[in-house]
Amino acid sequence: MSESESVTKAKSGHMSSTISMVLIGGLTLSVILVIVGEFVSLSRYASFITHYRIFNGEPSDYRTIEGVIRDVFHGKARAIIQLGIVVLMATPVVRVAFSLLAFGLEGDRKYVLISAFVLCTLMYSLLSST
Amino acid sequence: MSGLGGGSILTPVLYIFLGVDLHYAMGTSLVATIATSSGAAAAYVREGYTNLRVGMFLETATTTGAICGALLVSLVPKPFLCIIFALVLFQSAWSSLHAKSEKEEDLVPTDPLAEKLGLNGSYPLAGEMKSYKVHNVKGGYAVMLCAGCLSGLLGIGSGPLKVLALDQLMRLPFKVSTTTSNFMIGVTAAASAGVYMSRGYVDPVLSAPVVVGIVGGSMLGARILPKIKTNILRRIFAVLIVLVAIQMIYKGFGGQL
């Protein structure tokens, strides 16, 4: 293995562990928010029955990121859970952003472009919910 | 852990057995898909099975497809969605029974496009790194566009179709195919998640137990993978579907106490 190859190998090993950390971090934060939200909601309403047989769609506040954050500050339990789910949805996006950065540091222009394309597609989707 | 995701079983369980509306079921399944993929990917990536370049390159196809699929959901009548869903489940069952085990020595020259994109890689096998070549990049890319579209349309990861493209068309080793497919599923699902959320398909009360249950389960699964042989892996998949189904029924009732 040449020196440059071994440098690349070391870098991609570094990239793998960073990606792994991003994923674990995102999931942990998401699960904590969901559990906190569940506790808050259980402590307030011992039983709440919701009807899911008919589709009404979520209230408009739970359809946008700003709406969710606004309701979290109003102390709404379901909004805390929904925030956890938003964090979960954002985790792969952050992963792609980190990959872009890592490819940039490796000087791999082709993959910087490829990652940037994926990131733009994801941002388009996420921003459609604002 | 089989790289085939658990999302595709969740929608039928919620929809058929628990009477949840199809759109809510799909939104919940999509959230489950992201959780499963990210949880397992965290472990696989570190083990060195996942081909990050193949994943990233093909994600350009799956995310584009996913957004198109997600935008189509409200236009396609529900009975049609169910039929497409059933077809996808048939394909999953077929592929879990017919997937090839480890390939013979690869003598065919690699796809020039794979060379250009630096897609060829290596993976740990019996204590050392074994290198492999990537084939038929264009074919794989086309299937990934379809997989992305189905993922957005049905709120699933479409793992079996991704594995089919990676394993059979691009001829990656089986473990590399399943882990790379799993790696891509999270990003694919995230691409449709924004659209699903803005349409009101994602409900916090339905999603909460799913997130907590799956994150625990998939992290555990990924830890066991490196120690298991691939042919056993596929048999486990069949059992896994049943277990996930039982767990979901329990969680579905338990989550709305």
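Just so you know, the protein sequences line up as chains Z and X, in that order. For the first sequence, this note's numbering gives the first residue as 1, with consecutive numbering after it. For the second sequence, this note's numbering gives the first residue as 1001, with consecutive numbering after it. Glycine included, each C-beta is placed from N, C-alpha and C at the ideal position. Bear in mind that the values here come from a model prediction, so they are computed numbers and not experimental data.
Could you please give the first and the last residue of the uninterrupted beta strand (DSSP E) stretch that includes residue 1131/X?
Sequence index remark: in the second sequence, residue 1131/X carries index 131 (1-based). 1128-1132 is the extent of the beta strand (DSSP E) around residue 1131/X.
For the segment 1059-1071 of chain X, list every residue whose C-beta sits within 7 Å of some C-beta in chain Z, in sequence order.
1059, 1060, 1063, 1064, 1067
Alpha-carbon to alpha-carbon, residue 88/Z and residue 43/Z:
Taking the first residue of the first sequence as 1, we reach residue 43/Z at position 43. Taking the first residue of the first sequence as 1, we reach residue 88/Z at position 88. Rounded to whole angstroms, residue 43/Z to residue 88/Z spans 24 Å at the Cα level.
Quick one: is residue 1074/X buried, meaning 16 or more other Cβ sit within 10 Å of its Cβ, or exposed?
On the second sequence, residue 1074/X is found 74 positions in, with the first residue counted as 1. Under this definition residue 1074/X is an exposed residue.
If you drop the 5 nearest sequence neighbours on each side, which residues of the same chain put their C-beta closer than 6 Å to that of residue 1015/X?
Here residue 1015/X refers to the residue found at position 15 of the second sequence. Counting only Cβ-Cβ distances below 6 Å, and skipping sequence neighbours, we find 1022, 1025.
Would DSSP call residue 1121/X helix, strand or coil?
Here residue 1121/X is taken as the residue at index 121 of the second sequence, counted from 1. Strand.
If distances are taken between C-alpha atoms only, which option among 1155/X, 1032/X, 1172/X comes closest to residue 160/Z?
Chain Z is shown only over 1 to 130; residue 160/Z falls outside these bounds and no answer can be derived.
According to a CB-to-CB cut-off of less than 9 Å, which residues of the segment 1188-1209 of chain X neighbour chain Z?
1188, 1189, 1190, 1191, 1192, 1193, 1194, 1195, 1196, 1197, 1198, 1199, 1200, 1201, 1202, 1203, 1204, 1205, 1206, 1207, 1208, 1209
Got a sec: which bits of the segment 109-126 of chain Z sit with their beta carbon under 8 Å from any beta carbon on chain X, in order along the chain?
110, 111, 114, 115, 117, 118, 121, 122, 124, 125, 126
One question on the structure: do residue 1111/X and residue 1137/X come within less than 8 Å of each other, judged by their Cβ atoms?
By one-based count along the second sequence, residue 1111/X stands at place 111. By one-based count along the second sequence, residue 1137/X stands at place 137. The answer is yes: Cβ separation under 8 Å.
Straight-line Cα distance separating residue 97/Z from residue 1145/X
Start at 1 with the first residue of the second sequence, and residue 1145/X comes out as number 145. Start at 1 with the first residue of the first sequence, and residue 97/Z comes out as number 97. Taking the straight line joining both Cα atoms gives about 22 Å.
Looking at the C-beta of residue 1134/X, does it have a partner C-beta in chain Z at a distance below 8 Å?
Counted from its first residue, the second sequence places residue 1134/X at position 134. Answer no: the Cβ-Cβ gap between residue 1134/X and chain Z never drops below 8 Å.
Close-in-space but distant-in-sequence residues of the same chain around residue 119/Z (CB under 8 Å, 5 per side omitted)
Translated into positions along the first sequence, residue 119/Z becomes position 119. So the qualifying residues of the chain are 93, 96, 97, 100.
Contact criterion: CB-CB distance below 8 Å. Does residue 1038/X meet it with respect to chain Z?
Position 38 of the second sequence, counted from the first residue, corresponds to residue 1038/X. Yes, because at least one Cβ of chain Z sits closer than 8 Å to the Cβ of residue 1038/X.
Who are the Cβ neighbours of residue 31/Z in its own chain at under 8 Å, not counting the five residues just before and after it?
In the first sequence, the residue the question calls residue 31/Z occupies position 31. Excluding residues within five positions, the ones whose Cβ falls inside 8 Å are 84.
Taking one C-beta from the segment 1061-1075 of chain X and one from the segment 1180-1192 of chain X each time, how about it: are there three or more such pairs within less than 8 Å?
yes
On the criterion of 16 or more Cβ atoms from any shown chain inside 10 Å, does residue 1215/X qualify as buried, or is it exposed?
On the second sequence, position 215 is the one that residue 1215/X refers to. Flag for residue 1215/X reads buried.
Please classify residue 1217/X: is it buried, with 16 or more other beta-carbons within 10 angstroms of its beta-carbon, or exposed?
Counting from one through the second sequence, the residue named residue 1217/X turns up at place 217. Answer is buried; the Cβ neighbour count reaches 16.
With 8 Å as the limit, tell me which residues of the segment 24-39 of chain Z have their beta carbon closer than that to any beta carbon of chain X; keep them in chain order.
24, 26, 27, 30, 31, 34, 35, 37, 38
Between the CA atoms of residue 1052/X and residue 14/Z - distance to the nearest angstrom
Position 14 of the first sequence, counting from 1, holds the residue named residue 14/Z. Position 52 of the second sequence, counting from 1, holds the residue named residue 1052/X. Taking the straight line joining both Cα atoms gives about 12 Å.
Give me, in chain order, the residues of the same chain whose beta-carbon lies closer than 7 Å to that of residue 1118/X; leave out the 5 immediate sequence neighbours on both sides.
Here residue 1118/X refers to the residue found at position 118 of the second sequence. Within the same chain, residue 1118/X has close Cβ partners 1053.
Using a Cβ-Cβ cutoff of less than 6 Å, which residues in the same chain neighbour residue 54/Z once the five nearest sequence positions on both sides are dropped?
Here residue 54/Z is taken as the residue at index 54 of the first sequence, counted from 1. Cβ within range, chain order: n/a, list empty.
Hey, is residue 1048/X's beta-carbon within less than 8 Å of any beta-carbon in chain Z?
Walking along the second sequence from the start, residue 1048/X turns up at place 48. Yes, because at least one Cβ of chain Z sits closer than 8 Å to the Cβ of residue 1048/X.
Looking at chain Z, is there any beta carbon in it that lies within less than 8 Å of the beta carbon of residue 1085/X?
Stepping through the second sequence from its first residue, residue 1085/X is reached at position 85. Output row for residue 1085/X: interface = no.
Closer than 8 Å by beta-carbon distance: list the chain Z residues that pair up with residue 1052/X, in chain order.
Locating residue 1052/X in the second sequence gives position 52, where the first residue counts as 1. Residues of chain Z passing the Cβ test: 12, 15, 16, 19, 99.
Out of curiosity, what's the CA-to-CA distance linking residue 1120/X and residue 1044/X?
In the second sequence, counting from the first residue as 1, residue 1120/X sits at position 120. In the second sequence, counting from the first residue as 1, residue 1044/X sits at position 44. Approximately 18 Å between the Cα atoms of the pair.
Would residue 69/Z count as contacting chain X if we go by Cβ distances under 8 Å?
Counting from one through the first sequence, the residue named residue 69/Z turns up at place 69. Chain X contact via Cβ: absent.
Beta-carbon neighbours of residue 55/Z, restricted to chain X and to distances below 7 Å
Position 55 of the first sequence, counted from the start, is the residue given in the question as residue 55/Z. Within chain X, the residues near residue 55/Z are 1021, 1023, 1024.
Rounded separation between residue 1141/X and residue 112/Z - CA only
Taking the second sequence and counting its residues from 1, one reaches residue 1141/X at position 141. Taking the first sequence and counting its residues from 1, one reaches residue 112/Z at position 112. Near 19 Å, if we compare the C-alpha coordinates of residue 112/Z and residue 1141/X.
In the structure shown, what three-state DSSP assignment does residue 1/Z receive?
Taking the first sequence and counting its residues from 1, one reaches residue 1/Z at position 1. Caution is warranted here: a pLDDT of 42 is assigned to residue 1/Z, below 50, making its placement in the model unreliable, and the coordinate value is therefore given only provisionally. Here residue 1/Z sits in coil by DSSP.
Length of the line joining the Cα atoms of residue 25/Z and residue 1039/X:
In the first sequence, counting from the first residue as 1, residue 25/Z sits at position 25. In the second sequence, counting from the first residue as 1, residue 1039/X sits at position 39. Each residue's alpha carbon lies about 10 Å from the other.
Can you grab the Cα-Cα spacing for the pair residue 1152/X / residue 1069/X, in whole Å?
Here residue 1152/X refers to the residue found at position 152 of the second sequence. Here residue 1069/X refers to the residue found at position 69 of the second sequence. Between residue 1152/X and residue 1069/X, the C-alpha separation is close to 4 Å.
When we look at the beta-carbon of residue 1086/X and count the other beta-carbons within 10 Å, is it buried (16 or more) or exposed?
Taking the second sequence and counting its residues from 1, the one referred to as residue 1086/X is at position 86. Flag for residue 1086/X reads exposed.
Restricting to Cα atoms, I'd like to know which of 1047/X, 1036/X, 1018/X, 1034/X is closest to residue 1128/X.
Here the question's residue 1128/X lines up with position 128 in the second sequence. Checking every option, the nearest Cα to that of residue 1128/X belongs to 1047/X.
To which residues of the same chain is residue 1250/X closer than 6 Å at the C-beta, ignoring the five residues directly before and after it?
Position 250 of the second sequence, counting from 1, holds the residue named residue 1250/X. Low local confidence applies: a pLDDT of 48 at residue 1250/X is under 50, so the model's placement there is unreliable, with the coordinate-based value given in what follows. Nothing meets the Cβ criterion.
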